[in-house]
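Per the working numbering, the sequence shown starts with residue -6, numbered consecutively.
Beta carbons are placed, not taken as given, at the ideal position from N, Cα and C, and that holds for glycine.
The structure appears right after this line, and notes come after that.
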Amino acid sequence: MVMRYLGARSIKLASNPIRTRLITPRPAFYVPRRFAGDDIQKKDIEAGESVDANETGVIEKDDQETMLYFDHVLPFRSSIWDVRQWISYVIVSDKRPEAIQSHVMKLANPEENGSVSIPGLEITKLVPIKRDGGAFVKFKVPPNYTVSELNSKIQQNTVKESKHGLLNWITQSAAFPVKGVPWIEDLRRFPNRTIKVKFTGPALSEEELYSLFRRYGTIYDIKPASEEDKKATVIFRSFRGAICSKNCITGMKLNDTTLHIQYEKYNSKNVLIDWLVNHTRIAIPLILAVLATLAVVIFDPIREFCIENKITNKFILSKKNSVVKWVNDLTNTTISSFQKLIGQDAKGGPRRGLWSERLDIVKELKLWIEENVNTFIIVRGPRGTGKHELVMQHALHDRDNILYIDCDKLVKSRTDSQFISNAAHEVGYFPVFPWLNSFSNVIDLGVQGLTGQKSGFAESKDVQFRNILSSVLIAVRNISLSGYKAIIGSGENATPVKEEDFLQQHPEKKPVIVIDRFSTTNKSESNAFVYKELADWTAMLISMNLAHVIFLTEDVGTSQFLSESLPDQVFKTIGLSDASHESAKSYVLGQLQDDNVADTSDDENLQEKKLDAVKLHSISKDLDKALGPIGGRMLDLQAFVRRVKSGEAPLEALDRMVSQTAEQITQIFLSKDQGMKNAQAWELMKLLAENEEVSFKKLIYNPLFKSAPESGLIELERNGLIGISRDRGIMDKIVPAKPIYRAAFQNLVKDQSVSKVLETAYLLKIISAETQKIQKFEEEVQKLSYFANERAFRGRLSYLADKIDLSNENIIKAEAAIKAFSK
-6 MVMRYLGARS IKLASNPIRT RLITPRPAFY VPRRFAGDDI QKKDIEAGES
44 VDANETGVIE KDDQETMLYF DHVLPFRSSI WDVRQWISYV IVSDKRPEAI
94 QSHVMKLANP EENGSVSIPG LEITKLVPIK RDGGAFVKFK VPPNYTVSEL
144 NSKIQQNTVK ESKHGLLNWI TQSAAFPVKG VPWIEDLRRF PNRTIKVKFT
194 GPALSEEELY SLFRRYGTIY DIKPASEEDK KATVIFRSFR GAICSKNCIT
244 GMKLNDTTLH IQYEKYNSKN VLIDWLVNHT RIAIPLILAV LATLAVVIFD
294 PIREFCIENK ITNKFILSKK NSVVKWVNDL TNTTISSFQK LIGQDAKGGP
344 RRGLWSERLD IVKELKLWIE ENVNTFIIVR GPRGTGKHEL VMQHALHDRD
394 NILYIDCDKL VKSRTDSQFI SNAAHEVGYF PVFPWLNSFS NVIDLGVQGL
444 TGQKSGFAES KDVQFRNILS SVLIAVRNIS LSGYKAIIGS GENATPVKEE
494 DFLQQHPEKK PVIVIDRFST TNKSESNAFV YKELADWTAM LISMNLAHVI
544 FLTEDVGTSQ FLSESLPDQV FKTIGLSDAS HESAKSYVLG QLQDDNVADT
594 SDDENLQEKK LDAVKLHSIS KDLDKALGPI GGRMLDLQAF VRRVKSGEAP
644 LEALDRMVSQ TAEQITQIFL SKDQGMKNAQ AWELMKLLAE NEEVSFKKLI
694 YNPLFKSAPE SGLIELERNG LIGISRDRGI MDKIVPAKPI YRAAFQNLVK
744 DQSVSKVLET AYLLKIISAE TQKIQKFEEE VQKLSYFANE RAFRGRLSYL
794 ADKIDLSNEN IIKAEAAIKA FSK
């Protein structure tokens, strides 16, 4: 039976001491066991334990052995992240026990350097302590030596041997006899200059502690134990003194007192961190400013490079890349044939696919860019007139320095993060961190709570968008000035050249900025500020003569809107309209002929060519009838050509396009319950099905448009159902948004099954509107009923009565029409 002391309490271990240890609650002051008891060893043998407690717990010795602790065998570790020990393994030391044992033997029993050798000295056990950088070594006491004599000679030899050699002088080793019972553990208790001494029994005085610990190193301070807490603190000047004293004295027994030593938990206190924590009002804005500066220094050059690559495609595989050319020659495949395969035949694109009027527009656009004078161009036309195709695929097909920005992708972004991502993607701004927008708002709120003021770290999306455009401006300037030299020639022939002169002489160096779907009417959108920011940004580019700018828009008021940003600039404007019937027919036939010639390029296929010619002749007969309803809208003509190429007859293609358009109109404007908007849309469809255009002056007398005619028409125009021509800013004529819409309107009106449903819904809206009017009139009549005999109110009452009768007649007519439909 073994007695174990735990402070002032003692616990008697049963026959199974490990189980008793597990189920016994630990007191507040817990002292680990310092030796492997006979009972534990016995249980280990009975259980067949492969790991001996002597290897992981304590080290014991007999009377014929002595044990010393050798310091500085390895570098010690002061934390988990300390890499000095690993570096020493790589550069100098060997971590194998054999190497450490050889090193210790040279220190304890050297054969030269004037030290006294010890005959018959033998190491019986060596336990390295990697964390502390030392090792416990057991020596067998040779004959004619006592333990004290042997320890003294080993210490003297170690001191003398450590002074020889540069490395030994830097890491001078020392040997100390082990007076206690060392406990070998691998807990995360890293060395510290401060050690805690716990006493089991009476505490030692300050003088006794100094006498006991001074031999291991210089002591800065000693804090003796108090009566309540039997713990003393010893602070050494160096880690070495604390490490040696901990390993040599722990478990030592003096009279009735046992000493247990542990390292003080190391709490590093950084002066800078402490100042930052205690001065948040200054520190947090300062940290944010430093982070913002680092972000600018690191990321801005990367972003400018990515933007330049987006504009110039310098590092993107293209037909101008030598590797791609080699692959094309090897596989007998060209970029143009691949583009034709996917329906993007760019080769020869500028020479075909346009009627004569648009070929002239393309030539004019190219001439304006080459002239390099006030290249602020506005291309205006209704939706579907092919503005994008005309500019990108025909006018600018041979340029490499183009930046295309689609305003719709920016304006229709739902969240701020999505807006920043879309804006960055449009211009090639990378890397971008959209999540920082939300994170910075949280930081701003936290800083405001701590300091009472906002940090300014959070930026609104318009400010971030402005920063993105600023980076694009720098990239555009770098591209425009590529190849610029301030001085041309050398010596007496040296001629200074200004940047303005260089840009004026080299218009091909300047990128072309294409702003598509630019609008001045979508001011209700949450991201409508994009239009103003783009206008101001492009105005800056033009004023600095760094780029050519082309706006693609549907709005008539774009020129006036842009003139606010660039008031002294004369804009060059191009208006696109629908093609005439002859131009549309020529365009369609040209597309079909080009396709047939491409499919039969060999002279051997003459019969197929003849068949194609016969087929084209049969198609041209019905082409006039088909193109009449379709009109000259570019997108509709392209859709018609695709259908004919797929094998459909012209009239069949027309019918399917009209049916598809009618279905789209029904789903967008009539299927959803939008109140009076549905009734107004259906009323306009009926009027435009009968007439090519409707006068605004006549429409304002329609009951559905009397209250607010302009607001309803503007909403339908914005949604793409109708087009409105204006005379000096005043609405004049209402026409379908596209020519094919009129055929779709007629299709819906003539289809009895559909028109009855739509007309019934329309009449119900009429009844509802007239009923609301009657209720409003009746309320006013009720208020005036008290003055019915008054002569001054008779006229008003008569007017209200007429209005009620008129609305009632409209309700009766609508109900009669609904009844007729039901029959």
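The beta carbon of isoleucine 658 sits closer than 6 Å to the beta carbons of Ala737 from its chain, once the five residues preceding and following it are set aside; these are given in chain order. Secondary structure at leucine 197: coil, using DSSP grouped into helix, strand and coil. Under the three-state reduction of DSSP, methionine 60 is assigned to strand.
Per the Cβ contact rule, the stretch 641 to 652 is in contact with the stretch 607 to 627 (3 or more Cβ pairs under 8 Å). In the DSSP secondary-structure assignment, histidine 499 is not bridged to any residue. DSSP places proline 121 inside the beta strand (DSSP E), whose first and last residues are 115 to 122. As summarised for the stretch 696 to 756, the continuous beta strand (DSSP E) elements at least 3 residues long and confined to that stretch are 715 to 720 and 723 to 729, given in chain order.
For glutamine 457, the enclosing alpha helix (DSSP H) starts and ends at 454 to 473. In this structure, isoleucine 111 sits near asparagine 102, with a CB-CB distance shorter than 7 Å.
For threonine 273, there is no enclosing beta strand (DSSP E); the residue is found in the alpha helix (DSSP H) stretching over 273 to 305. Tryptophan 675 has its alpha-carbon roughly 11 Å from the corresponding atom of valine 750. Under the three-state reduction of DSSP output, isoleucine 760 falls in the helix class. Isoleucine 472 places its beta carbon less than 7 Å from that of glutamate 301. Under the DSSP assignment, glycine 568 falls outside any alpha helix (DSSP H), being part of the beta strand (DSSP E) whose first and last residues are 565 to 568. Residue state for threonine 211 is assigned as coil, using DSSP reduced to three classes. The beta carbon of arginine 182 sits closer than 6 Å to those of Tyr256, all from its chain and outside the five residues before and after it, given in chain order. In this model, glycine 234 and alanine 168 are separated by some 12 Å (Cα to Cα). Rounded to the nearest whole angstrom, the C-alpha separation of glutamine 584 and lysine 402 is 31 Å. A straight-line Cα-Cα distance of about 15 Å links proline 504 and leucine 358. DSSP links leucine 396 through a beta bridge to Ile506. Listed in chain order, the non-local C-beta contacts of proline 170 below 6 Å within the same chain comprise Leu61 and Asn144, local neighbours out to five positions each way being set aside. For valine 66, the three-state secondary structure derived from DSSP is coil. Beta bridge pairing from DSSP links tyrosine 256 with Ile188. Across the structure, isoleucine 177 and phenylalanine 69 are spaced so that their CA atoms are roughly 15 Å apart. Beta-bridge pairing by DSSP links alanine 167 to Asp64. A distance of 7 Å or more separates the beta carbons of threonine 513 and isoleucine 371. Per DSSP, the continuous alpha helix (DSSP H) segment holding threonine 551 begins and ends at 551 to 556. Residues Ile480 of the same chain have their beta carbon placed closer than 6 Å to that of alanine 487, with the five preceding and five following residues left out of the count. In this structure, DSSP gives glycine 374 a state outside helix and strand, which the three-state scheme calls coil.
Rounded to whole angstroms, the gap between the alpha carbons of glutamate 772 and lysine 405 is 44 Å. Annotation for valine 130: the continuous beta strand (DSSP E) segment containing it runs 127 to 133. In this model, leucine 569 and lysine 356 are separated by some 14 Å (Cα to Cα). With fewer than 16 other beta carbons inside 10 angstroms of its own, glutamine 57 counts as exposed. For glycine 127 and lysine 224, the gap between their C-alpha atoms comes out near 26 Å.
Straight across, the Cα-Cα distance linking alanine 218 with serine 204 is about 16 Å. Secondary structure at valine 174: coil, using DSSP grouped into helix, strand and coil.
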